[in-house]
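Residue numbers for the sequence shown follow numbering that gives the first Met the number 0, beginning at 0 and rising by one.
Notes follow once the structure below has been shown.
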Amino acid sequence: MDVYEAVDGRRAVRAFSDEPVPREVLERVLTAATRAPSSGNLQPWHSYVVAGEPLAELKRRATARALVGDPGDEREYPMYPAELASPYTDRFAAAAAQRYEALGIERDDPDRPMKIAALNSEAFGAPVVLFCYLDRTMGPGQWADAGMYVQTVMLLLRAEGLHSCPQVMWTMYRETVSRMVGADDRLVLFCGVSVGFEKAGVPRLRTGRADMTETVSFIGI
């Protein structure tokens, strides 16, 4: 698979099979991902890869919180800006509508937030979840580094025939996650990434993207 195929094939999969992911594949991916861009070569990220019974227990604990309507732990960073304007709100609404339809959840379902949280806390059935942390003393540049690292990991997973789903949702249950993985207070949870093989027979969701001309300006070329 070349880079273009990996980029085009990468999407947030929300239905995984229970087929295990070999550790050697994960090690190969994460070893290659050490080459992800990093300003000043700080490499501010630290990942915990969780599977098996530890992941099952984490899912049980997080799902129990979701099913009782637990609003989650105090946020350490906002998932989105407090106020969004067009075109961002338009893109957000369109993608959300597609996701709800694919998950079989009606937009006017009063239990929608709880159902979505429960699906997320199950990692959509993924047998592996990678939790990416970074040192909380880092600034915006290093948060960008963490994003590039996670993207590099997801593209390498596609090259191995695997799929993924980045989940900022896990930050809602960051205290539960940190206790399970043993992360100390100097680290802040950036996101989780569910990893596995896509479940067969499930409708595939591929959200639209803005046309290149909407987000790119060429100057002098």
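Glycine residues also receive a C-beta, built at the ideal position from the N, C-alpha and C atoms.
None of these values were measured; they are calculated from a predicted model.
Secondary structure remark: continuous alpha helix (DSSP H) runs of at least 4 residues inside the region 48-99, in chain order: 51-66. In this structure phenylalanine 130 is buried. Its beta-carbon is surrounded by 16 or more other beta-carbon atoms within 10 angstroms.
When the five nearest sequence neighbours on each side are left out, the beta carbons in the same chain lying within less than 7 Å of the beta carbon of serine 193 are those of Phe15, Ala122, Phe123, Ala125, Val128, Ser163, Cys164, Gln166, in order along the chain. DSSP, read as helix, strand or coil, puts valine 127 in strand. Assignment of glutamine 42 by DSSP, reduced to helix, strand and coil, places it in the coil class.
Between glutamate 18 and the set Gly219, Ile115, Lys198, Asp210, the nearest pair of CA atoms involves Lys198. Within the same chain, Leu57 come within 6 Å of methionine 179 by CB-CB distance, once the 5 residues on both sides are set aside.
A residue is called buried once 16 or more other Cβ atoms fall within 10 Å of its Cβ, and asparagine 119 is buried on that count. Checking the DSSP bridge columns, you'll see glutamine 166 partnered with Gly191.
Straight-line spacing of the CA atoms in methionine 171 and glycine 181 works out to 17 Å.
When beta bridges are read from the DSSP output, phenylalanine 15 appears opposite Glu197.
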